[in-house]
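So the protein sequences, as listed, match chains A and B.
Residue 50 in UniProt numbering sits at position 50 of the first sequence, with consecutive numbering throughout.
Residue 52 in UniProt numbering sits at position 52 of the second sequence, with consecutive numbering throughout.
Just below is one structure, and these are the notes that go with it.
Number of protein chains: 2
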Amino acid sequence: MAVDLDDAFDRIDDFWDPHVAAELNGQHVKLARLKGEFDWHRHDDADELFYVHEGDLTIRLRDDPDIELSAGQLHVVPAGVEHQPVAEEECRVLLFEPAGTLNTGNVESERTVVEEKRLD
Amino acid sequence: MAVDLDDAFDRIDDFWDPHVAAELNGQHVKLARLKGEFDWHRHDDADELFYVHEGDLTIRLRDDPDIELSAGQLHVVPAGVEHQPVAEEECRVLLFEPAGTLNTGNVESERTVVEEKRLD
């Protein structure tokens with residue numbers, strides 16, 4: 001079955017609430033609507049791909065210049081690299097990462113999504 | 001560094017010639033320009049994700065209805081499932097699959113890309 005990204009994003013109600021859209025080879029494709037500043041965090045054992053489907057995303061890094069992504073652009077944050085996603089206006093991103101990766105990585109906050117949500 | 005999909009596709013000269021655009025967690029993000037009918041094949045140990053960036057793609061399956069994908073849509077072909085990608089007009093797709101996955105899977109043809117190409 002095909003997943004239509006526009007349709008799928010429209011079925012997500014909240015910001016910073018990733019939903020699994022597909023699973024393959026132990027990896028998850030997640031969709032998330034972002035707006036505002038997320039927590040600084042890192043994933044010790046997981047590289048994380050950000051692909052911007054709509055809008056603009058800044059990925060702040062501690063020791064490197066910000067990564068600026070527009071629609072149709074992607075970037076991989078390597079495991080262990082602290083980062084902070086920031087979107088001034090709503091931004092719709094596709095994430096690719098190992099199944100079980102926590103959205104806030106090494107940090108626990110009120111935004112931590114413990115129970116995985118799926119788009120079915 | 002950000003990868004811009006439009007720019008990256010424009011740097012690929014040939015059809016059916018996947019280029020690695022990013023690597024993460026042992027997986028590859030590959031970009032390919034497709035046109036025409038590809039070989040029927042399967043990947044015994046690898047699920048394969050097709051995301052259409054531009055154009056229309058049909059994924060023919062032996063025992064199930066065709067999967068029709070337009071820009072902004074994705075589908076995962078599970079490991080072991082024989083499939084044939086077909087694009088009447090040029091279609092630009094992003095593939096997610098384990099590093100080392102052969103484009104023609106279990107089949108060897110003149111389209112088999114043995115040496116991995118990278119977009120650098």
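Positions of the beta carbon are idealized from the N, C-alpha and C atoms, including for glycine.
Near the ligand COA: residue i beta-carbon under 6 Å from a heavy atom
i, result
"B:His-43", "Inclusion of the ligand COA in the displayed structure is not the case, the ligand content being empty and no account of it being possible."
Interface partners of residue i on chain A, CB under 8 Å
i, result
"B:Gly-72", "Asp-4, Leu-5, Asp-6 and His-53"
"B:Leu-31", "What B:Leu-31 touches in chain A: nothing, since even the nearest Cβ is about 10 Å away."
Test: residue i CB closer than 7 Å to a CB of chain B
i, result
"A:Asn-106", "no"
"A:Ile-59", "no"
"A:Asn-25", "yes"
Simplified DSSP state of residue i, which is helix, strand or coil
i, result
"A:Asp-6", "helix"
"A:Gly-102", "One detail in the question is off: residue 102 of chain A reads as Leu in this sequence, not Gly. Coil at A:Leu-102, not helix or strand."
"B:His-43", "coil"
"B:Phe-38", "coil"
"B:Ala-71", "coil"
"B:Ala-21", "strand"
"B:Leu-119", "coil"
"B:Pro-85", "strand"
"A:Ala-32", "strand"
"A:Asp-56", "strand"
"A:Arg-92", "strand"
"B:Val-114", "coil"
"B:Val-76", "strand"
"B:Glu-97", "strand"
"B:Glu-48", "strand"
Partners in chain B for residue i, counting only beta-carbon separations shorter than 7 Å
i, result
"A:Pro-85", "By Cβ distance, chain B contributes nothing, its closest Cβ being about 14 Å from A:Pro-85, past 7 Å."
"A:Val-76", "Ala-22 and Leu-24"
"A:Asp-47", "Leu-24 and Asn-25"
Contact under 7 Å by Cβ, residue i with residue j
i, j, result
"A:Asp-47", "B:Asn-25", "yes"
"A:Asn-106", "A:Arg-62", "no"
"A:Ala-22", "B:Ile-67", "no"
"A:Pro-85", "A:Ile-59", "yes"
"A:Arg-111", "A:Val-20", "no"
"A:Leu-69", "A:Val-81", "no"
"A:Arg-92", "A:Gly-36", "no"
"A:Leu-57", "A:Ala-87", "yes"
"A:Ala-79", "A:Asp-45", "yes"
"A:Phe-15", "A:Leu-49", "no"
"B:Glu-34", "B:Ala-8", "According to the sequence shown, residue 34 of chain B is Leu rather than Glu. No, Cβ-Cβ distance for B:Leu-34 and B:Ala-8 is not below 7 Å."
"A:Asp-120", "B:Gly-72", "no"
"A:His-83", "A:Val-76", "no"
CB contact check: residue i to chain A, cutoff 7 Å
i, result
"B:His-19", "no"
"B:Asp-120", "no"
"B:Asp-44", "no"
Within chain B, partners of residue i - CB distance below 8 Å
i, result
"A:Leu-69", "Ala-2"
- Item | chain B contacts from the stretch 91 to 103 of chain A (Cβ-Cβ distance under 9 Å) | Result list: Leu-94, Phe-96, Glu-97 and Pro-98.
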